[in-house]
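Trainee: Structure incoming, see below.
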Amino acid sequence: MNNHPHPRGDSLKDFIKLHKGQEVNRKEVEFIDRKTCRMEDGYTDEQLTELCVAWLTCGSQFSIRTLVNFMLDHSSLARGDFKRSLQYADMFATLLPGEGATECCALVVASRVSKMNKTGQVQYNAAIAAIRSRDPARCTVGAVGLYLILKWQGEGTSYPFPSFKSPRDCESLQQAIFPEVNSLLLEVRSRDTPDRAAIAFLELLQFLRVVVLQDAAMLTDRFPGSSAWIHPVFASPEFIDFKVRVMASEKVTLDPTETKLREVLPDLARLIQTSFARVSVQLGAMTSTIGALEQRMSTMELQMSCYGNATPLFAEILPGDNLQAEVLPVDVPAAQEDRAVAPTPMHTPAPATPQYTLNRQLTTVKAVWREFSTVLPGQPSVRHFENTYKSKWRVGEAENQFFRKRKELYRAVACIATARHILPLGAAKLLDEYAEAEDLALDQLRIQITTATERLCLPTEESE
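Each residue of the sequence shown is one higher than the one before, starting from 3 at the first, in the numbering used here.
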């Protein structure tokens, strides 16, 4: 143990600190390129591939160890003290859900070395992770698995497999022999107090075994002279057959997403058919409900028309007792039409006269009739406005003229309903069907309303 004081005293520390500050100021004043000695000055992606190829070409245990050391630095920015203090108990494999169509398993390395975070606090138990690479020559996970094979089962290796008899041995794991992984995993799991660190590491070895075999099938032809393939497992007939199947599947180059989609398409089609059938049943039920509601609304309109003093329907709007014979011609003057309207006396004057504008967006006679006769939530019917307030609810001459045009449709509906002994909504539906057959818009139908009314009232007249 060195009992001498540290050679770097306070004076030297102050001098170094002052020198660094002066260098920063000098580079700022002299406009020195600040990108010098930064991250972009490191190795390029092509150089990274060349380094991995060189180490794999050599294929010795030491070159593969250098490859693992470099890839851990590259993938996780691991420090030297962190890598030197790694133990097998710090390594395990975990499944990452939702990382694509195929299963994604990551190699996780937990750190027992403290590290200062950005808030100045010391943190422990940090972890780094790595997943498979598209290029097996640059795969960190495959490099770790290949290094462990060469270390434990390589030619001339001197590293024995650690014992799992004591949980304390998990802290100083050195190596593993892949053929005994399954039996050892069963043994460790069957104990009264199972060692979770040993189980996690053995599961990692199971994952690395698959990774190494898959990568070796692709790399043996790329690096045939590498001494990494001296192990007997790479010369066995089973591996050669496995290699042929891997190379054949590689030529097909199926997209994992496409493969997954092919698997789920039958279930998806079945789900769509079931959903469509369910929606069809619901739509049928809704259609029946709507039809029943329309029938009830028509019945309620008929009951409302006979309510009170049992005056005939539209008696407030349409003059005369015989509605069947009352058909206004198209060229009736507006003033004469207004004089034909029989006013209804108001016994109790309304405290205020509301104003309402007829809806110009209606395109069917059925909708026009509902606006006239049906009481909507928060809005009385047009018939109520006309009977209660006369023409005061209409604002301006334009609204009066538009109401006169609508009144022609109201009278036509009343005439057809009386002649055919049907509900008003049924008469409005007949007018809509007539307009559709003649290819007439609502305003064009109003112009030809006399002809339409006479034709639709004709069956009743013939029957009489």
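We put the CB at the ideal spot given by N, CA and C, even for glycine.
#1: Using the C-alpha atoms, what's the distance from residue 100 back to residue 74?
#2: Counting beta carbon pairs with one atom in the segment 365-377 and one in the segment 427-441, are three or more of them shorter than 8 Å?
#3: Could you tell me whether the segment 11-31 touches the segment 88-108, where touching means 3 or more Cβ pairs closer than 8 Å?
#4: Would DSSP call residue 106 helix, strand or coil?
#5: Are residue 107 and residue 203 closer than 7 Å when you measure CB to CB?
#6: Would you mind sorting residue 368 into buried or exposed? The rule is 16 or more other CB atoms within 10 Å of its CB.
#7: Judging by CA-CA distance, which residue of 431, 284 and 273 is the nearest neighbour of residue 300?
#8: Out of curiosity, what's the CA-to-CA distance linking residue 370 and residue 263?
#9: Measuring alpha carbon to alpha carbon, tell me which of 57, 423, 201 and 268 ends up nearest residue 141.
#10: Say yes only if the C-beta of residue 376 is nearer than 6 Å to one or more non-hydrogen atoms of the ligand FMN, and no if none qualify.
#11: How about residue 152 and residue 63: are their beta carbons less than 7 Å apart?
#12: From the DSSP output, in three-state form, read off residue 366 for me.
#13: Please identify the residue among 436, 400, 444 and 456 whose C-alpha is closest to the C-alpha of residue 421.
#14: Is the segment 182-190 touching the segment 17-28 in the sense that three or more CB pairs, one from each, lie closer than 8 Å?
#15: Distance, Cα to Cα, residue 294 vs residue 435?
#16: Within a Cβ cutoff of 8 Å, which residues of the same chain sit near residue 156, ignoring the five residues on either side of it in sequence?
#17: Our contact map puts residue 70 next to residue 146 with C-beta atoms below 8 Å; I'd like the distance itself, whole angstroms only.
#18: Which whole runs of the alpha helix (DSSP H) in the segment 4-79 are 4 residues long or more, in chain order?
#19: Starting from residue 387, trace the alpha helix (DSSP H) in both directions and tell me its first and last residue.
#20: Check this for me: beta carbons of residue 395 and residue 404, under 7 Å apart or not?
#21: Expressed to the nearest angstrom, what Euclidean distance is found between the alpha-carbon atoms of residue 281 and residue 248?
#22: To the nearest angstrom, how far is the alpha carbon of residue 399 from that of residue 284?
#23: Of all the options 402, 384 and 448, which has the alpha carbon lying nearest to the alpha carbon of residue 411?
#24: Relative to the alpha-carbon of residue 139, which residue among 47, 90 and 154 has its alpha-carbon at the smallest distance?
#25: Restricting to Cα atoms, I'd like to know which of 423, 72, 92 and 276 is closest to residue 50.
#26: Apply the 10 Å Cβ neighbour rule to residue 84 and answer buried if 16 or more other Cβ atoms are within range, or exposed otherwise.
#27: Helix, strand or coil: which one does DSSP assign to residue 443?
#28: Take residue 196 and list the residues in its own chain whose beta-carbon comes closer than 8 Å to its own, dropping the five residues that flank it on each side.
#29: By the three-class DSSP mapping on this structure, what secondary structure does residue 397 have?
#30: Since residue 130 sits in a beta bridge, which residues does DSSP pair it with?
#31: Going by other Cβ atoms of all chains shown within 10 Å of its Cβ, with 16 needed for buried, is residue 446 buried or exposed?
#32: With a threshold of 6 Å on Cβ separation, who are the neighbours of residue 451 within its own chain once the five nearest residues in sequence on each side are excluded?
#33: Who are the Cβ neighbours of residue 55 in its own chain at under 7 Å, not counting the five residues just before and after it?
#34: Taking DSSP's pairing of strands, which residues face residue 206 in a bridge?
#35: Mapping the DSSP letters down to three states, classify residue 355 as helix, strand or coil.
Mentor: Taking the coordinates as given:
#1: Counting from 1 along the sequence shown, the entry for residue 74 is found at position 72. Counting from 1 along the sequence shown, the entry for residue 100 is found at position 98. Taking the straight line from one Cα to the other gives about 24 Å.
#2: yes
#3: no
#4: Here the question's residue 106 lines up with position 104 in the sequence shown. If DSSP states are grouped into helix, strand and coil, residue 106 belongs with the strands.
#5: The count along the sequence shown starts at 1 and reaches residue 107 at position 105. The count along the sequence shown starts at 1 and reaches residue 203 at position 201. Not a contact, by the Cβ cut-off of 7 Å.
#6: Stepping through the sequence shown from its first residue, residue 368 is reached at position 366. Classification of residue 368: buried, given that the 10 Å Cβ count is 16 or more.
#7: The residue labelled residue 300 in the question sits at position 298 within the sequence shown. The shortest Cα separation from residue 300 among 431, 284 and 273 belongs to 431.
#8: As a position in the sequence shown, residue 370 is number 368, starting the count at 1. As a position in the sequence shown, residue 263 is number 261, starting the count at 1. Cα-Cα distance, rounded: 52 Å.
#9: Reading the sequence shown from its first residue, position 139 is the one you call residue 141. The candidate whose alpha carbon is nearest that of residue 141 is 57.
#10: With respect to small molecules bound, the structure shown includes none, and the ligand FMN cannot be examined in it.
#11: On the sequence shown, position 150 is the one that residue 152 refers to. On the sequence shown, position 61 is the one that residue 63 refers to. Cβ atoms of residue 152 and residue 63: closer than 7 Å.
#12: Counted from its first residue, the sequence shown places residue 366 at position 364. It is coil, neither helix nor strand.
#13: Your numbering for residue 421 matches position 419 in the sequence shown. It is 456.
#14: no
#15: For this step, residue 294 is matched to residue 292 along the sequence shown. For this step, residue 435 is matched to residue 433 along the sequence shown. Looking at the two C-alpha atoms, the distance is approximately 21 Å.
#16: Locating residue 156 in the sequence shown gives position 154, where the first residue counts as 1. Excluding positions up to five away in sequence, the list reads 63, 232 and 233.
#17: Residue numbering aside, residue 70 sits at position 68 when the sequence shown is read from its first letter. Residue numbering aside, residue 146 sits at position 144 when the sequence shown is read from its first letter. Yes, they are in contact, since the Cβ atoms of residue 70 and residue 146 sit about 6 Å apart, within 8 Å.
#18: 12-31, 47-60 and 63-78
#19: For this step, residue 387 is matched to residue 385 along the sequence shown. Where residue 387 is concerned, the enclosing alpha helix (DSSP H) stretches over 384-391.
#20: Along the sequence shown, one-based indexing puts residue 395 at 393. Along the sequence shown, one-based indexing puts residue 404 at 402. Contact flag unset, no.
#21: Residue 281 sits at position 279 when you count from the first residue of the sequence shown. Residue 248 sits at position 246 when you count from the first residue of the sequence shown. When rounded, the distance between both Cα atoms is 46 Å.
#22: Your numbering for residue 399 matches position 397 in the sequence shown. Your numbering for residue 284 matches position 282 in the sequence shown. About 48 Å.
#23: Residue numbering aside, residue 411 sits at position 409 when the sequence shown is read from its first letter. Checked all of 402, 384 and 448; the closest Cα to residue 411 is 448.
#24: Your numbering for residue 139 matches position 137 in the sequence shown. Among 47, 90 and 154, the Cα nearest to that of residue 139 is on 47.
#25: Taking the sequence shown and counting its residues from 1, one reaches residue 50 at position 48. Closest by alpha carbon: 72.
#26: What you label residue 84 is simply residue 82 of the sequence shown in a count that begins at 1. With 16 or more Cβ atoms within 10 Å of its Cβ, residue 84 is classed as buried.
#27: Start at 1 with the first residue of the sequence shown, and residue 443 comes out as number 441. Residue 443 falls in the coil class under three-state DSSP.
#28: As a working note, residue 196 is residue 194 in the sequence shown. Here the set comprises 190.
#29: Mapped onto the sequence shown, residue 397 falls at position 395. Note: residue 397 maps to coil in three-state DSSP.
#30: Residue numbering aside, residue 130 sits at position 128 when the sequence shown is read from its first letter. Partner(s): 111.
#31: Here the question's residue 446 lines up with position 444 in the sequence shown. With fewer than 16 other Cβ atoms within 10 Å, it is exposed.
#32: Translated into positions along the sequence shown, residue 451 becomes position 449. Counting only Cβ-Cβ distances below 6 Å, and skipping sequence neighbours, we find 410 and 414.
#33: For this step, residue 55 is matched to residue 53 along the sequence shown. Hits under 7 Å: 139.
#34: The sequence position of residue 206 within the sequence shown is 204, counting from 1. Answer is none; residue 206 lacks a bridge partner.
#35: Here the question's residue 355 lines up with position 353 in the sequence shown. DSSP places residue 355 in coil when its eight states are reduced to three.
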